[in-house]
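Novice: Residue numbers for the sequence shown follow full-length UniProt numbering, beginning at 1 and rising by one. Where is the CB? At the ideal position from N, CA and C, for every residue including glycine. Let me give you the structure first, and then I'll get to my questions.
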Amino acid sequence: NEKELFNLRHASLKNVIERIFGIFKSRFTIFKSAPPFLFKTQVELVLACAALHNFLRKECRYDEFLIEAVDEPSSSILPVNEDHTFEPIIQTKEQERKNINAWRTSITMDMWVNAI
Numbered sequence: 001n002e003k004e005l006f007n008l009r010h011a012s013l014k015n016v017i018e019r020i021f022g023i024f025k026s027r028f029t030i031f032k033s034a035p036p037f038l039f040k041t042q043v044e045l046v047l048a049c050a051a052l053h054n055f056l057r058k059e060c061r062y063d064e065f066l067i068e069a070v071d072e073p074s075s076s077i078l079p080v081n082e083d084h085t086f087e088p089i090i091q092t093k094e095q096e097r098k099n100i101n102a103w104r105t106s107i108t109m110d111m112w113v114n115a116i
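Printed below as a string of structure tokens:
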């Protein structure tokens with residue numbers, strides 16, 4: 001059913017994300033501990049390291065951090081303004097919970113419709 005499909009895909013995505021963090025911690029030692037930077041700087045650091053990682057995977061013949069390619073491109077979690085700066089969203093815990101539940105339900109139904 002739709003909930004089982006959602007749970008299966010959620011678990012698969014979680015595994016991919018955990019593997020990516022493992023690769024980042026191996027390749028970029030700054031991620032082994034919490035860096036003492038502002039949040040905005042940390043976001044930019046992750047993006048820069050991701051770009052560098054992708055460049056190295058594409059251009060280097062030997063890459064000890066090879067992983068299999070992911071079929072779908074990753075999406076941005078943080079909203080981006082026209083000037084490409086990140087804008088934090090301030091919500092109460094209750095608003096956040098309602099939004100997450102609605103988003104999860106929407107994803108579940110979209111996956112189910114596409115699967116049948």
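With F37 and L45 assumed to form a contact (beta carbons below 8 Å), what rounded beta-carbon distance in angstroms separates them?
Specialist: 7 Å
Novice: Could you please give the first and the last residue of the uninterrupted alpha helix (DSSP H) stretch that includes I17?
Specialist: E2 to R27
Novice: Tell whether a beta-carbon distance below 8 Å holds between W103 and E2.
Specialist: It is not a contact, given that the beta carbons lie outside the stated cut-off.
Novice: Specify, as a first and last residue, the run of the alpha helix (DSSP H) that A50 falls within.
Specialist: F39 to E59
Novice: Considering Cα atoms alone, identify which of T41, R97, A50 and N114 is closest to G22.
Specialist: A50
Novice: Could you pull the start and end residues of the alpha helix (DSSP H) that A102 belongs to?
Specialist: K93 to A115
Novice: What does the alpha-carbon distance come out to for the pair residue 140 and F31?
Specialist: Lying outside 1 to 116, the shown extent of the chain, residue 140 is not represented and no answer is given.
Novice: Taking C-beta to C-beta, are L108 and F28 nearer than 8 Å?
Specialist: Before going further, note that residue 108 is Thr rather than Leu in the sequence given. The answer is no: Cβ separation not under 8 Å.
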